[in-house]
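Counting in full-length UniProt numbering, the sequence shown runs from 10 upward without gaps. Glycine included, every Cβ here is placed at the ideal spot set by N, Cα and C. Only a predicted model underlies this, so the values are computations on that prediction, with no experimental measurement involved.
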Amino acid sequence: ATSARKSLTIGLIPADGIGKEVIPAARTAIEAVGSDLPPTRFVDLIAGFETFTRTGVALPEETVESLQNECDCALFGSVSSPSKKVVGYSSPIVALRKKLDLYANIRPVLSVSPNPGESSAVDMIVVRENTECLYIKQEQQTIGEHGKEARATRLITERASSRIGRMAYELAKARPRKHLTIIHKSNVLSVTDGLFRESVRALHEKYPEVTVAEQLVDSAVYRLFREPQIYDVMVAPNLYGDILSDAAAALVGSLGVVPSVNAGDNFVMGEPVHGSAPDIFGQNIANPIASIRSAALMLRHLGYMKGADRIDLAVDSVVRDGQLLTPDLGGKAKTSEVVEAIVKKI
Ligand code: ATP
Ligand code: MG
Numbered sequence: 010a011t012s013a014r015k016s017l018t019i020g021l022i023p024a025d026g027i028g029k030e031v032i033p034a035a036r037t038a039i040e041a042v043g044s045d046l047p048p049t050r051f052v053d054l055i056a057g058f059e060t061f062t063r064t065g066v067a068l069p070e071e072t073v074e075s076l077q078n079e080c081d082c083a084l085f086g087s088v089s090s091p092s093k094k095v096v097g098y099s100s101p102i103v104a105l106r107k108k109l110d111l112y113a114n115i116r117p118v119l120s121v122s123p124n125p126g127e128s129s130a131v132d133m134i135v136v137r138e139n140t141e142c143l144y145i146k147q148e149q150q151t152i153g154e155h156g157k158e159a160r161a162t163r164l165i166t167e168r169a170s171s172r173i174g175r176m177a178y179e180l181a182k183a184r185p186r187k188h189l190t191i192i193h194k195s196n197v198l199s200v201t202d203g204l205f206r207e208s209v210r211a212l213h214e215k216y217p218e219v220t221v222a223e224q225l226v227d228s229a230v231y232r233l234f235r236e237p238q239i240y241d242v243m244v245a246p247n248l249y250g251d252i253l254s255d256a257a258a259a260l261v262g263s264l265g266v267v268p269s270v271n272a273g274d275n276f277v278m279g280e281p282v283h284g285s286a287p288d289i290f291g292q293n294i295a296n297p298i299a300s301i302r303s304a305a306l307m308l309r310h311l312g313y314m315k316g317a318d319r320i321d322l323a324v325d326s327v328v329r330d331g332q333l334l335t336p337d338l339g340g341k342a343k344t345s346e347v348v349e350a351i352v353k354k355i
């Protein structure tokens, strides 16, 4: 899929808080593997809460247009979520996922083993459906006989379930273990979760090399903490995927190391899992690894395996060395020192 591209244009949207520190770090890592990429151009784009307070719009039209017309992919930092509801503000990341039809949230969770070559305790990918389920935000409150009543509508479609299923099978197929676990709760929600499960199951005949298991979401959380090694690729509807992917991230320590991509059929956007971390912003101590790994994941998704591998190996080696780590990993290093060490390894 890669060879066709004569050049690569990457949109950079640092957005708020430490996004402004870690997205430039990711750019530096991409530049360091430039020899494995076609000629690459970066486009600086704005969005986020700060953009909203300055301009009245959280996601400017020019940003969307550039992503749609000029960029092959993008890196998104993080947005501050205002603690109170702000009139007129809604999250630009949610809007971007919609506008670019980024229906999959892909989150690899990997523990770095202290010894090279040794297999890691945790090595899985959580694939979360990103467009429907309870997150369509159709909620109403009414007054019933006994007071307030609130209801939410949950949407599951065959189309969305099949396309996320396909993405998950493709990812599983490319991994050594080729194992997929479908997460649902169809013993209780037989109609909605039943449709999700059936839609993903139905694809199995196209992927005979992949083994498929299924698990109820509650027991999946339990097993995730007891024996995470059993998982390879997990696929889940939006809400369960949201919870599971944070739980899985907790298994490997700091939020500062967990990457993700938002992917659709025509676009991919890397995004560190952490938020804007206002408590540490501006001190040059944010861990850049989540963003740097997100950049690698984005490149991998576009087919640039060599560049992605070089970045990932460099990160692993710096983590293993343990000499230059940011405070969230127990070290004393600055963001810039970690970036420098990674670039040197590359
Ligand atoms: P937001 O509203 O943007 O989600 P938050 O306060 O929830 O902000 P998170 O970014 O979700 O902040 O982070 C939660 C905790 O993890 C914070 O204490 C933060 O400092 C820490 N943290 C998050 N990302 C990193 C990182 N890259 N490096 C170091 N610490 C981090
Ligand atoms: Mg947060």
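- Task: Assign residue 113 to one of two classes, buried (16 or more other C-beta atoms within 10 Å of its C-beta) or exposed (fewer than that).
- Result: It is buried - the Cβ of residue 113 has at least 16 other Cβ atoms within 10 Å.
- Going by the beta-carbon positions, is the gap between residue 58 and residue 88 smaller than 7 Å? Yes, these two residues count as a Cβ contact at 7 Å.
- Should residue 221 go down as buried or exposed, given a rule of 16 or more other Cβ atoms within 10 Å for buried? Result: buried.
- Query: Hey, would you say residue 287 sits closer than 7 Å to residue 31, going by beta carbons?
  - Reply: It is not a contact, given that the beta carbons lie outside the stated cut-off.
- Query: Within 6 Å: the Cβ of residue 291 and any heavy atom of ligand 1?
  - Reply: No.
- Item | Sequence-distant residues of its chain with Cβ nearer than 6 Å to residue 48 (five each side left out) | These residues qualify, in order along the chain: 16.
- Task: Whole angstroms is fine: what's the gap from residue 10's alpha carbon to residue 182's?
- Result: Confidence at residue 10 is low in this model, with a pLDDT of 48, below 50, so its placement is unreliable and the value that follows should be read with caution. The straight-line gap from Cα to Cα measures roughly 16 Å.
- Message: Under DSSP, the alpha helix (DSSP H) around residue 87 begins and ends at which residues?
- Response: That residue, residue 87, is in no alpha helix (DSSP H); its beta strand (DSSP E) goes 82-87.
- Status (buried if at least 16 other CB within 10 Å, exposed otherwise) for residue 224: Burial call: buried.
- Three-state secondary structure assigned by DSSP to residue 10: In this prediction, residue 10 has a pLDDT of 48, which is less than 50 and means its spatial position is unreliable; what the coordinates show is noted afterwards. Secondary structure of residue 10 (DSSP, three-state): coil.
- Task: May I ask you to check if the CB of residue 251 is nearer than 6 Å to at least one heavy atom of ligand 1?
- Result: No, the Cβ of residue 251 stays beyond 6 Å of every heavy atom of ligand 1.
- For residue 334, which beta-bridge partners are listed by DSSP? DSSP lists no partner for residue 334.
- Message: Is residue 255 a contact residue of ligand 1, with contact defined as CB to any heavy atom under 6 Å?
- Response: Not under cutoff, so the answer is no.
- Task: Verify the contact flag: residue 340, CB atom, against every heavy atom of ligand 1, threshold strictly below 6 Å.
- Result: It does not: the Cβ of residue 340 is nowhere closer than 6 Å to a heavy atom of ligand 1.
- Beta carbon of residue 178, beta carbon of residue 212: below 7 Å? Against a cut-off of 7 Å, the Cβ pair of residue 212 and residue 178 comes out as a contact.
- Just the Cα atoms here: how many angstroms apart are residue 260 and residue 131? Rounded to the nearest angstrom, the two C-alpha atoms are 8 Å apart.
- Do you know how far the Cα of residue 184 is from the Cα of residue 245? Straight-line spacing of the CA atoms in residue 245 and residue 184 works out to 18 Å.
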